[in-house]
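Engineer: Line by line, the protein sequences are chains A and B. Numbered by the working numbering, the letters in the first sequence go through residues 804 to 1331 in order. Numbered by the working numbering, the letters in the second sequence go through residues 39 to 345 in order. The C-beta atom is built at its ideal place from N, Cα and C for all residues, glycine as well.
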Amino acid sequence: MGKGFSLLAAPILVISLLTACSGNNNGGGSASDDNESGNVSTPAPAKTDDPASTNTTANTPALPDKTFSFLDISHPSWPYDQNWLVWKLLKEKTGVSFKVEVPSGLMADALSFAIASGDLPDVMYTEDKSLADKYGQMGALANILDYTDIMPNFKQWMETYPNDTRNAIAADGKMYEFPNQGIGETNRMIWMYREDVFKKLNLSPPQNWDELYTVLQALKKAYPDSYPLSWRDGLAYLLNFGASFNTSRDFYYDFDTQTWKYAPLDDNYKTMIQYLNKFYKEGLIPPDFLSIDTKQWQDLMSTDKAFITLDYIGRIDFYNTPLRQDNPDYNLLFMPPPEGVPGSQKNAFTQFDQAGMMVASSSKNVKDIMKYFDFLYSEEGKNMLSWGEEGKTYTVKDGKNVFNPDYTTVADLRKKTGLSTDGVYTWFDYDAHLSLSSKELASAYEEARKYDSVQQPMPSLTQAELDDTSVEMTSIQKFRDENVSKFILGTRSFGEWDKYAEDLKALGVDHVASIYKQAYERAMQAAQ
Amino acid sequence: MMPEGRSNRLMRKLNKDKYLLLMQLPCLIYYLVFRYAPMFGLVISFKNYNLFKGVWASPWVGLKYYRTFLNSPDFFELLSNTVLLGVTKLAFAFPAPIILALLLNEVTATFLKRFVQTVSYLPHFISNVVVASMVLTFLSPSTGVVNHYLKVLGFHPVNFMSEPGWFRPVYVLSEIWQHVGWETIIYLAALTAIDPQLYEAARIDGANRWRQTLNITLPCMAPTIIILFIFNVGDVLDIGFEKVFLLASPAIYSTADIISTYVYRVGLSQGNYSYAASIDLFTAIISLIFVFTANFLARKFSEHSIW
Chain A
804 MGKGFSLLAA PILVISLLTA CSGNNNGGGS ASDDNESGNV STPAPAKTDD PASTNTTANT
864 PALPDKTFSF LDISHPSWPY DQNWLVWKLL KEKTGVSFKV EVPSGLMADA LSFAIASGDL
924 PDVMYTEDKS LADKYGQMGA LANILDYTDI MPNFKQWMET YPNDTRNAIA ADGKMYEFPN
984 QGIGETNRMI WMYREDVFKK LNLSPPQNWD ELYTVLQALK KAYPDSYPLS WRDGLAYLLN
1044 FGASFNTSRD FYYDFDTQTW KYAPLDDNYK TMIQYLNKFY KEGLIPPDFL SIDTKQWQDL
1104 MSTDKAFITL DYIGRIDFYN TPLRQDNPDY NLLFMPPPEG VPGSQKNAFT QFDQAGMMVA
1164 SSSKNVKDIM KYFDFLYSEE GKNMLSWGEE GKTYTVKDGK NVFNPDYTTV ADLRKKTGLS
1224 TDGVYTWFDY DAHLSLSSKE LASAYEEARK YDSVQQPMPS LTQAELDDTS VEMTSIQKFR
1284 DENVSKFILG TRSFGEWDKY AEDLKALGVD HVASIYKQAY ERAMQAAQ
Chain B
39 MMPEGRSNRL MRKLNKDKYL LLMQLPCLIY YLVFRYAPMF GLVISFKNYN LFKGVWASPW
99 VGLKYYRTFL NSPDFFELLS NTVLLGVTKL AFAFPAPIIL ALLLNEVTAT FLKRFVQTVS
159 YLPHFISNVV VASMVLTFLS PSTGVVNHYL KVLGFHPVNF MSEPGWFRPV YVLSEIWQHV
219 GWETIIYLAA LTAIDPQLYE AARIDGANRW RQTLNITLPC MAPTIIILFI FNVGDVLDIG
279 FEKVFLLASP AIYSTADIIS TYVYRVGLSQ GNYSYAASID LFTAIISLIF VFTANFLARK
339 FSEHSIW
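#1: Between B:212, B:216 and B:288, which has its C-alpha nearest residue 163 of chain B's C-alpha?
#2: Assuming residue 935 of chain A contacts residue 895 of chain A under a Cβ cut-off of 8 Å, what Cβ separation, rounded to an integer in Å, is found between them?
#3: Entirely within the stretch 1138 to 1219 of chain A and at least 4 residues each: give me those alpha helix (DSSP H) ranges in chain order.
#4: Short of 7 Å in beta carbon distance, which residues of its chain neighbour residue 113 of chain B, apart from the five on each side in sequence? Order them along the chain.
#5: Within the 9 Å Cβ cut-off, does residue 271 of chain B reach chain D?
#6: Helix, strand or coil: which one does DSSP assign to residue 877 of chain A?
#7: Listed from N- to C-terminal order along the chain, which residues in the stretch 189 to 203 of chain B have their beta-carbon within a distance smaller than 9 Å of any beta-carbon of chain A?
#8: Using 10 angstroms around the beta-carbon of residue 1058 of chain A, count the other beta-carbons present and answer buried if the total reaches 16, otherwise exposed.
#9: May I ask you to report which of helix, strand or coil DSSP gives residue 1113 of chain A?
#10: Just by C-beta distance, which residues in the stretch 274 to 292 of chain B are closer than 7 Å to chain A?
#11: Just list the residues that DSSP pairs residue 994 of chain A with in beta bridges.
#12: Could you work out which residue in A:1093, A:1208, A:948 and A:1254 is closest to residue 1142 of chain A when comparing CA atoms only?
#13: Expressed to the nearest angstrom, what Euclidean distance is found between the alpha-carbon atoms of residue 96 of chain B and residue 218 of chain B?
#14: Might you give, ordered along the chain, the residues of its own chain that have their beta carbon closer than 6 Å to the beta carbon of residue 130 of chain B, omitting 5 neighbours on each side?
#15: Which runs of the beta strand (DSSP E) spanning at least 3 residues fall entirely within the stretch 892 to 938 of chain A, listed in chain order?
#16: Is it true that the CB of residue 140 of chain B sits closer than 9 Å to the CB of residue 225 of chain B?
#17: Within 9 Å of any Cβ in chain A, is that where the Cβ of residue 68 of chain B sits?
#18: Rounding to the nearest angstrom, what Cα-Cα distance links residue 828 of chain A and residue 1241 of chain A in this structure?
#19: Going along chain B in order, which residues have a C-beta closer than 7 Å to the C-beta of residue 1094 of chain A?
#20: Which same chain residues, not among the five before or five after residue 949 of chain A, have their C-beta less than 7 Å away from its C-beta?
#21: What are the partner residues of residue 1055 of chain A, as DSSP defines its beta bridges?
#22: Would you call the stretch 1133 to 1148 of chain A in contact with the stretch 958 to 972 of chain A, where contact means no fewer than 3 C-beta pairs closer than 8 Å?
#23: What in chain A is Cβ-close to residue 303 of chain B, meaning under 7 Å?
#24: According to DSSP, which residues form a beta bridge with residue 870 of chain A?
#25: Can you confirm whether the stretch 990 to 1008 of chain A touches the stretch 1058 to 1078 of chain A when touching is taken to mean that 3 or more C-beta pairs between the two stretches lie within less than 8 Å?
#26: Residues of chain A with CB closer than 8 Å to the CB of residue 106 of chain B, please, in chain order.
#27: Compare the C-beta of residue 1067 of chain A against all C-beta atoms of chain B and say whether one is closer than 9 Å.
#28: Based on the DSSP output, what are the partners of residue 1020 of chain A in its beta bridges?
#29: Figure out for me which residue from B:173, B:223, B:313 and B:237 has the closest Cα to the Cα of residue 263 of chain B.
#30: Tell me the rounded alpha-carbon separation between residue 1265 of chain A and residue 1304 of chain A.
#31: Restricting to Cα atoms, I'd like to know which of B:318, B:78, B:101 and B:77 is closest to residue 86 of chain B.
#32: If you run the structure through DSSP and keep just helix, strand and coil, what is residue 191 of chain B?
#33: By the 7 Å beta-carbon criterion, what residues does the stretch 107 to 139 of chain B contribute toward chain A?
#34: Which value, in whole angstroms, describes the spacing of the CA atoms of residue 1056 of chain A and residue 1262 of chain A?
#35: Is the CB of residue 97 of chain B under 9 Å away from at least one CB in chain A?
#36: Examine chain A for any beta-carbon lying closer than 9 Å to the beta-carbon of residue 310 of chain B, and answer yes or no.
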């Protein structure tokens, strides 16, 4: 019945999946390309028997022909296509082609199946860094740091981006996932408001939460059946609200006092919850805000039932472009985050991406794979994987890259070329995406940078620490979510806040915080 | 001499039924491979399981994870939520298909009967994800139909999915809506097996329809009802994870957080496989006790039982 029970069945499943997949993939793809590399490599007749041999090509400029197996994800909006331009470009530059397997279900499940079966693909993609750390520390993944002497570009990259490097390191001081930089900008989350409605009602964007309250009231008065402030996914957005209250959502590092804290115990956190309670009571936020999903939120946003929201920055174009067809005035714009507590007017730092590629320690090609990835950390690799091929996908005008007009949006570009799809980015030039965005979105990117908060460190816990804290963490989170919801809904009175804080602490907050502290100090030391 | 004679007889029997046995084989293999073999995976609940090292190389930790669960501050709430939800479901969702079957049995117009049957069993084929989002959409206080009509009728709108007290009724009603038609099928089958002569005899004796139902239909259905009941008792702790997970929100954890949603959070989200497996085995054992008890009672008070 349960998850544990089915683990033994996993290898059988995986084997059948893999054999099924490899049938329709381009297993023979590399053979057809042999001619190209054959032209440049030494024409000795003995070599033709063995085109896959890689050791003898050291002193020729030729690119050895290599194929790695790759467990990659396929995004529903731009499903994996073996004929994408990006694979061709990579092949031309590095000689590497991939035999890609795409899991039919969740990536995390596919990974654990692959690991449990022991038959790992050379390269694997993960959406979640903690998985890389977990499998890496079990011994399944190669430690990237062991190979930096054959990766000059990557070495230099690490010096340029010490923060991203540090966050990619696991609890044992090793690195199991290639860090990425640049593409995380897509994950930037901001406040947005309906400029056209504000103008009509003669309102201006609120500067702080008291003004936010009056603005919301005015909106509610003009549109009685609206919920002027709406968002999706319930309590998750306390992270974004919290930034302006100088607090967070979970355990966080307080740079001012240099300590690890638990946000839901902060006084400022309480202030924030009190505002939300007030909003809830007056119908300024949806009564079912805890369970509103993406679809419901989109309905509210597109039917004049919500006018202020928080979400990914790309939502500006997501709403404006289609909705202007019916309502030419529709104008969703960047809104500066309202100040929560004096001096704090911030957006939570979300512009990072934990996803990345991992290399199996059991692979016979670890060194070659590392060399391949080193190319991705070169300026040339960055440019190629951000913009594609000059003349074909982009041209240079006035020293600036411009995409050819065949690509209308980022999604369109991804679908047609495979550029910036999962598995083919590490170091990314975000100007490539910016060049395809509307002027509203481009200006939002510019404005948003003014309200950046400092990126939180993400210390990695060892398996023992995880074991030690996971049960406590579950209880703490449950207690917090349940009670914070009650405070907002008004089913628990703020008079009981102290009792709540006490009970929360009793569940082991200090213990978990001390584990984070320990892990953080270890990471700081490892990075020195 | 005796053992040899017995084995000869067995061989003869096997030989006689060999084709029947052969037909059974796929079923047997299915159970061995997909039901029994995975049970060996339970050893991870006694080990500090390391996915890469595999089951056997991981170190033993004894009952550590069982103790952790029993000592966890959530344990009591989880157990009582699970039992209460399971029992509520059993109390209301179990009789529903029986009642529907009895009602359908009284319907003489074939067309109407077919129509009701089709309409009532179709929801069974809708996935839980869709059902949960339908429930959330219908009951939404901001956009939902239900609250719209409540307002029209002059009632206060109810925030169904944020009030702990509403979770169980909503869950059980949606379960009934989803499965009642499907589960009716088996009772209707049991009804067709009843000898029509019994009814004739009863009619001659002057029994009205109610009497006939009470004295013929129900006793004839009893074996089916009792056996299905025992099966259902086994599932009290094993409530479908999916729908509860999709319907629950933090505000209603106090009634909606059950063992399986907890296992999901701690086991899968936090990667604590051994802990999750130990909770699974724990609930399986309690379920087994439930089934044994129900079977024991059934055997004691009626002549029908599984064994």
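Structural biologist: Inspection of the coordinates gives the following:
#1: As a first step, residue 163 of chain B must be located in the second sequence, where it is residue number 125. With distances taken between Cα atoms, residue 163 of chain B lies closest to B:216.
#2: Locating residue 935 of chain A in the first sequence gives position 132, where the first residue counts as 1. Locating residue 895 of chain A in the first sequence gives position 92, where the first residue counts as 1. Residue 935 of chain A to residue 895 of chain A, Cβ: 29 Å. No contact.
#3: 1169 to 1179 and 1182 to 1190
#4: As a working note, residue 113 of chain B is residue 75 in the second sequence. If we look at residue 113 of chain B and ignore the five residues flanking it on each side, its Cβ neighbours are 107.
#5: This model lacks chain D altogether; the protein chains it does include are A and B.
#6: Reading the first sequence from its first residue, position 74 is the one you call residue 877 of chain A. Residue state, collapsed to three classes: coil.
#7: 195, 197, 198, 199, 200, 201 and 202
#8: Counting from one through the first sequence, the residue named residue 1058 of chain A turns up at place 255. Burial call: exposed.
#9: Within the first sequence, residue 1113 of chain A is the residue found at index 310, counting from 1. In the structure shown, residue 1113 of chain A sits in a strand (DSSP, three-state: E or B).
#10: 276, 287, 288, 289, 291 and 292
#11: On the first sequence, position 191 is the one that residue 994 of chain A refers to. Residue 994 of chain A is bridged to A:1113 and A:1138.
#12: What you label residue 1142 of chain A is simply residue 339 of the first sequence in a count that begins at 1. Per the Cα distances, A:1254.
#13: Start at 1 with the first residue of the second sequence, and residue 96 of chain B comes out as number 58. Start at 1 with the first residue of the second sequence, and residue 218 of chain B comes out as number 180. Residue 96 of chain B and residue 218 of chain B: Cα-Cα distance of roughly 45 Å.
#14: Position 92 of the second sequence, counted from the start, is the residue given in the question as residue 130 of chain B. 210, listed in sequence order.
#15: Here the runs fully enclosed are 899 to 904 and 926 to 929.
#16: Mapped onto the second sequence, residue 225 of chain B falls at position 187. Mapped onto the second sequence, residue 140 of chain B falls at position 102. Yes, they are a contact pair.
#17: Mapped onto the second sequence, residue 68 of chain B falls at position 30. Not an interface residue.
#18: Locating residue 828 of chain A in the first sequence gives position 25, where the first residue counts as 1. Locating residue 1241 of chain A in the first sequence gives position 438, where the first residue counts as 1. With a pLDDT of only 37 at residue 828 of chain A, under 50, the local geometry of the prediction cannot be trusted, and the value read off the model is given with reservation. Whole-angstrom Cα-Cα distance: 38 Å.
#19: What you label residue 1094 of chain A is simply residue 291 of the first sequence in a count that begins at 1. The CB of residue 1094 of chain A comes closer than 7 Å to the CB of 174, 199 and 287 in chain B, given here in chain order.
#20: If you number the first sequence from 1, residue 949 of chain A lands on position 146. Cβ within range, chain order: n/a, list empty.
#21: Counted from its first residue, the first sequence places residue 1055 of chain A at position 252. A:1064, per the DSSP bridge assignment.
#22: no
#23: Counting from 1 along the second sequence, the entry for residue 303 of chain B is found at position 265. Going along chain A in sequence order, the residues near residue 303 of chain B (Cβ under 7 Å) are 1277.
#24: By one-based count along the first sequence, residue 870 of chain A stands at place 67. Paired residue(s): A:900.
#25: no
#26: Against the second sequence, residue 106 of chain B aligns to sequence position 68. Those are 1274, listed as they occur along chain A.
#27: The residue labelled residue 1067 of chain A in the question sits at position 264 within the first sequence. No, no contact with chain B.
#28: Position 217 of the first sequence, counted from the start, is the residue given in the question as residue 1020 of chain A. Paired residue(s): none; residue 1020 of chain A is not in a bridge.
#29: On the second sequence, residue 263 of chain B is found 225 positions in, with the first residue counted as 1. Ranking the options by Cα distance to residue 263 of chain B, first place goes to B:223.
#30: Residue 1265 of chain A sits at position 462 when you count from the first residue of the first sequence. Residue 1304 of chain A sits at position 501 when you count from the first residue of the first sequence. Roughly 28 Å separates the two Cα atoms.
#31: Working through the second sequence from its first residue, we reach residue 86 of chain B at position 48. Checked all of B:318, B:78, B:101 and B:77; the closest Cα to residue 86 of chain B is B:101.
#32: Mapped onto the second sequence, residue 191 of chain B falls at position 153. Note: residue 191 of chain B maps to coil in three-state DSSP.
#33: 110, 111 and 112
#34: In the first sequence, residue 1056 of chain A corresponds to position 253, counting from 1. In the first sequence, residue 1262 of chain A corresponds to position 459, counting from 1. Taking the straight line joining both Cα atoms gives about 10 Å.
#35: Residue 97 of chain B sits at position 59 when you count from the first residue of the second sequence. Contacts with chain A at 9 Å (Cβ-Cβ) do not include residue 97 of chain B.
#36: Looking up residue 310 of chain B in the second sequence gives position 272. Output row for residue 310 of chain B: interface = yes.
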